[in-house]
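Chains as they are written, first to last, in my numbering: chain A, 1 to 663; chain B, 1 to 108.
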């Protein structure tokens, strides 16, 4: 039974943890505002509720302690300070570990006792974080309504006071206790306003952690009389009576407007965010996408049948078939788009993880970094979002660790102390492009050459031949690392080539642009979706192969004479650029066949730094194809990314371009 | 319940003039006895405490009533206070607390 809800719980958990992450960061950056504290409180409260319902005792305990502390902050007993924020972050990390535990085996192995103790201790600390003296308590702004009441009371010759009442911590049903105090005050004079609002305590279940209420009171008593009267009430621990400052009433009006604005804003915002959504498991969406894929295949087959029929017959029924087929094509493409959209998520999900990570990293490394995130709402397939996370994190770590310099160093080179890291996403020609750009030191091509040379990745001759651009691209070679010391943040020397192969496995491309002394920009191009791609159908001998369109830079036709040889390697010269050439036949041990024509079709694949010209027999055309894995019994085959079913019902292999380039 | 309360109050030097087993009886007894102070449970058969408070206050606006409540009945307590009760005490009873409350209500 519970396992059914487990998934829902995990989803909610993920959401709420992310929310907490954001909110704590906000708390750190913007300081204590009512809304932020409230948001965090709500997140902790939600988690407490659901984890208790699921029987995750540790998580309940931890969130309970967080909630308690937050409540102290909310009721202004505790002030938000650096240590408190650190503590919240620690607790959050602890919660994340618990989340991992639950995801793994439903059992909790993480020890939370330290974290819980820290939280409890913090709540007890009566030191400078606590607002022990009511004197520096900020007095809440008064609403216009209340201001009028204050004026009225003053006109009647009544004294207006702020009465701050604290009650004993061991008091039970605190809300009701305040209610009694309130009703007593009402008998003595008039309560114009209270913080928190007494009438609302009734509704709020958290009333039980309330320790202090401020009343705006108007009455005939002197402040001393009032003080004594209130102090005599049951379970009242501390009373402070202060006369209302005169200018208060004037100031209040400004405060009012702000307050009423924020109140007006809130409900409308909430309504908007309540766009109707349902949660659907990814499996179902995957299945749907698969079915659409099958439809695409079947449609190409219908198309094929239609074409063969056309060659043999003519007639009305054929005309009809063609119309139906066209209509079907339209519907399938709409369907495909809808399903694809359903699988898309804004990249925000991923980007939201970064602020925290960057905060922690820059703190550890003593760097001052401003993060600029753009294009949060760019959508892409959710599997892609998951897959791209690791490579992106790696790039970001590199940028912070090796890219952006220490503040002192930056000052020496005439830059601002604060480094900037930009992470942007955008749609460009049916692809998603992600930029990770820093304004740090950049990459020195000369150093790259030397480092590669000393590690034996390239020979001295090669080093000479490399252009600066090519030298920078050495960073993607396996076993390359220029960092003089290996930190635990980045620089194990396996990083960048893995980043590249990860991205290429997603049918993506990565490119790098750098200016020594000015910064580095990584550009990642990704297809919108993984399941259906556009492929170029090519013929080798009599077999059809497919090259993913996203890998193709261009297609050229050359003559036999254009092929040159450098050290045994066939190359072609294209716009003054030397591009190595391979016969795709050789990759798959197919006979090359007779060269009947005097020109050769070349498909140029790869990105700027590493291009390869693939010679094929014939170009058939491009088509939408559905990637199917080869099946577990075949396993991973070098140079083959998968297979698909063509219109004629035959299976065609999809070429894995990165595999071929790296050979 | 009532026995416990009687015990505590009598030890504190108060006199119990009457006891009622439900809200309805409480209203009648309050009329005939006009006590200095009444303790009232929230949950009672026939007529609930809050209802009884309303009736008693309607008949005698100066009546002093202390609610006896269990933990977690916050909203009930607030309602009772809105209805006119002056104080509340929480079960389980601590004799000192109850006596303090009674004396405060009597003194006020």
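All C-beta atoms, glycine included, are put in the ideal place defined by N, C-alpha and C.
All values reported here derive from a predicted model rather than from experimental measurement.
> For the alpha helix (DSSP H) that contains residue 94(B), what are its first and last residues?
Replying inline: Bounds of any alpha helix (DSSP H) do not take in residue 94(B), whose DSSP letter is neither H nor E.
>> Any contact between the segment 380 to 399 of chain A and the segment 492 to 510 of chain A? By contact I mean 3 or more CB pairs, one from each, below 8 Å.
In response: The answer is yes - the segment 492 to 510 of chain A touches the segment 380 to 399 of chain A, with three or more Cβ pairs under 8 Å.
> When you compare each of 510(A), 556(A), 379(A) and 238(A) to residue 168(A) by their alpha carbons, which one comes out closest?
Replying inline: Nearest of 510(A), 556(A), 379(A) and 238(A) to residue 168(A), Cα basis: 238(A).
> From what residue to what residue does the alpha helix (DSSP H) around residue 178(A) run?
Replying inline: That run of the alpha helix (DSSP H) goes 174 to 188.
> In chain order, what residues of the same chain have a beta carbon less than 8 Å from the beta carbon of residue 234(A), not counting five sequence neighbours either side?
Replying inline: Non-local beta-carbon contacts of residue 234(A) in its own chain, meaning distances under 8 Å to residues more than five positions away in sequence, involve 177 and 180 in chain order.
> With 16 other CB atoms within 10 Å as the buried threshold, where does residue 527(A) fall?
Replying inline: Buried, by the Cβ-count rule.
> Would residue 189(A) count as contacting chain B if we go by Cβ distances under 8 Å?
Replying inline: Answer no: the Cβ-Cβ gap between residue 189(A) and chain B never drops below 8 Å.
> Which residues in the same chain have their Cβ closer than 7 Å to the Cβ of residue 115(A), if we skip the five residues on either side of it in sequence?
Replying inline: Within the same chain, residue 115(A) has close Cβ partners 62, 90, 91 and 94.
> How many whole angstroms separate the CB atoms of residue 439(A) and residue 518(A), which I take to be in contact at a CB cut-off of 8 Å?
Replying inline: Going by Cβ atoms, the distance from residue 439(A) to residue 518(A) rounds to 7 Å, so yes, they are a contact pair.
>> Could you compute how far the alpha carbon of residue 639(A) sits from the alpha carbon of residue 11(A)?
In response: Put simply, the backbone Cα of residue 639(A) is about 37 Å away from that of residue 11(A).
> Which chain B residues are close to residue 383(A), counting only those with a beta carbon under 9 Å from its beta carbon?
Replying inline: By Cβ distance, chain B contributes nothing, its closest Cβ being about 48 Å from residue 383(A), past 9 Å.
> Shorter than 8 Å from the beta carbon of residue 11(A) to some beta carbon of chain B?
Replying inline: Taking 8 Å as the threshold, the shortest C-beta distance from residue 11(A) to chain B does not fall below it.
>> I want to see whether chain A comes within less than 8 Å of residue 17(B), judged by CB atoms only; does it?
In response: The beta-carbon of residue 17(B) is placed no less than 8 Å from the nearest beta-carbon of chain A.
> So who's on the other strand from residue 61(B), going by DSSP bridges?
Replying inline: DSSP lists no partner for residue 61(B).
> Is the segment 6 to 22 of chain A close to the segment 35 to 54 of chain A, with three or more CB pairs under 8 Å?
Replying inline: Verdict: yes, contact present.
> Who are the near neighbours of residue 87(B) in its chain, counting only those whose CB is closer than 6 Å to its CB and skipping five residues on each side?
Replying inline: Hits under 6 Å: 66, 101 and 105.
> Taking 8 Å as the CB-CB cut-off, is residue 173(A) touching chain D?
Replying inline: The structure shown contains no chain D; its protein chains are A and B.
> Any residues in the segment 84 to 106 of chain B with a beta carbon nearer than 7 Å to a beta carbon of chain A? Which ones, in chain order?
Replying inline: Result list: 87, 88, 90, 100, 101 and 104.
>> Against residue 81(B), what residues of chain A qualify as contacts under a CB-to-CB distance less than 8 Å, listed in chain order?
In response: Ordered by position in chain A, the residues that pass the 8 Å Cβ test against residue 81(B) are 176, 179, 180 and 183.
>> For residue 620(A) and residue 575(A), what's the separation of their Cα atoms in angstroms?
In response: Answer to the nearest angstrom: the Cα atoms are 26 Å apart.
> Interface residues of chain B around residue 234(A) at Cβ under 7 Å?
Replying inline: Those within 7 Å of residue 234(A) in chain B are 87, 100, 101 and 104.
> From 566(A), 624(A), 502(A) and 583(A), pick the residue whose C-alpha is nearest to that of residue 536(A); which is it?
Replying inline: The shortest Cα separation from residue 536(A) among 566(A), 624(A), 502(A) and 583(A) belongs to 624(A).
> So, using beta-carbon positions, are residue 72(A) and residue 78(A) closer together than 8 Å?
Replying inline: Taking 8 Å as the Cβ cut-off, residue 72(A) and residue 78(A) qualify as a contacting pair.
> Are there 16 or more other CB atoms within 10 angstroms of the CB of residue 264(A), so buried, or fewer, so exposed?
Replying inline: Summary for residue 264(A): the model assigns pLDDT 44, below 50, so the residue's position carries little reliability, and this model does not support an answer.
> Below 8 Å between beta carbons: does that hold for residue 587(A) and residue 654(A)?
Replying inline: Cβ atoms of residue 587(A) and residue 654(A): not closer than 8 Å.
> Excluding the five sequence neighbours on either side, which residues of its own chain have a C-beta within less than 7 Å of the C-beta of residue 267(A), listed in chain order?
Replying inline: Residue placement at residue 267(A) is poorly supported in this model, since its pLDDT is 43, which falls under 50; the coordinates still yield a value, given next. Nothing listed; no residue qualifies.
> Could you give the uninterrupted runs of the beta strand (DSSP E) lying entirely in the segment 530 to 610 of chain A, keeping only those of 3 residues or more?
Replying inline: For the segment 530 to 610 of chain A, whole beta strand (DSSP E) runs of length 3 or above, ordered along the chain, are 532 to 540, 543 to 548, 552 to 559, 564 to 566, 569 to 574, 577 to 583 and 599 to 607.
> Given that a residue counts as buried once 16 or more other Cβ atoms are within 10 Å of its Cβ, and exposed if not, what is residue 222(A)?
Replying inline: By the 10 Å Cβ count, residue 222(A) comes out exposed.
> Is the beta carbon of residue 580(A) less than 8 Å from the beta carbon of residue 614(A)?
Replying inline: No.
> Where does residue 192(A) fall in DSSP's three states?
Replying inline: Strand, per DSSP.
> Just how far apart, CA to CA, sit residue 9(B) and residue 18(B)?
Replying inline: CA-to-CA, the gap between residue 9(B) and residue 18(B) works out to about 13 Å.
>> Does the contact criterion of 3 or more C-beta pairs under 8 Å hold for the segment 359 to 371 of chain A versus the segment 337 to 348 of chain A?
In response: Too few Cβ pairs lie closer than 8 Å, so no.
>> Given a cut-off of 8 Å on the beta-carbon distance, is the pair residue 371(A) and residue 346(A) in contact?
In response: Not a contact, by the Cβ cut-off of 8 Å.
> Do the CB positions of residue 98(B) and residue 89(B) come within less than 8 Å of each other?
Replying inline: It is a contact, given that the beta carbons lie within the stated cut-off.
>> My output table needs one value for residue 56(B): the three-state DSSP class, helix, strand or coil.
In response: Looking at residue 56(B) - three-state DSSP - the assignment turns out to be helix.
> In terms of DSSP beta bridges, what is residue 160(A) paired with?
Replying inline: Paired residue(s): 218(A).
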